[in-house]
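Student: What follows is a single structure, and I will ask about it in a moment.
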Amino acid sequence: MDILKQPLITEKISALNEKGVYGFIVEKTADKEQIKSTVEKKYGVKVVSVRTMRYAAKQKTRYTKNKIVSGFTNAYKKAIVQVADGEVIDFYGEI
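Residues 4 to 98 in my numbering are what the sequence shown lists, from first letter to last.
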């Protein structure tokens, strides 16, 4: 099972890429050591630090012609990874 689901490509994270900081959506059960080892194996870089954040599901309601539709957004976990100076992860080469 792959711990890294997808890279985060946002304006804020892209600005931090120049400083060697990258973002990933990861499995909710993954811990920092697993994330670090997976990034090092997959991208061949030395990881200096890993920060994680958990986002809870939010309730959403839509009003349609027929009825009110209620549900929840997906809960997810985000990891911010800092690599060693001079090392780069190329997300756009995979596309």
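Every residue, glycine too, gets a C-beta built ideally from N, C-alpha and C. Predicted, not measured: the structure shown is a model, and the values here were computed from it.
So does the stretch 20-34 actually touch the stretch 70-88, counting three or more Cβ pairs closer than 8 Å?
Tutor: A contact exists between the stretch 20-34 and the stretch 70-88.
Student: Which word fits Tyr58, buried or exposed, when buried means at least 16 other C-beta atoms lie within 10 angstroms of its C-beta?
Tutor: As a working note, residue 58 is residue 55 in the sequence shown. So Tyr58 counts as exposed.
Student: How would you write the range of the beta strand (DSSP E) that Lys80 sits in, first residue to last?
Tutor: Stepping through the sequence shown from its first residue, residue 80 is reached at position 77. 79-86 is the span of the beta strand (DSSP E), which, as asked, contains Lys80.
Student: Taking contact to mean 3 or more Cβ pairs, one atom from each stretch, closer than 8 Å, check whether the stretch 34-44 and the stretch 53-67 are in contact.
Tutor: With a cut-off of 8 Å, the stretch 53-67 and the stretch 34-44 count as touching, because enough Cβ pairs lie within range.
Student: Please return the same chain residues whose Cβ sits closer than 7 Å to the Cβ of Arg65, not counting the five positions on each side in sequence.
Tutor: Reading the sequence shown from its first residue, position 62 is the one you call residue 65. Closer than 7 Å at the Cβ level, and outside the excluded window around Arg65, lie Val72.
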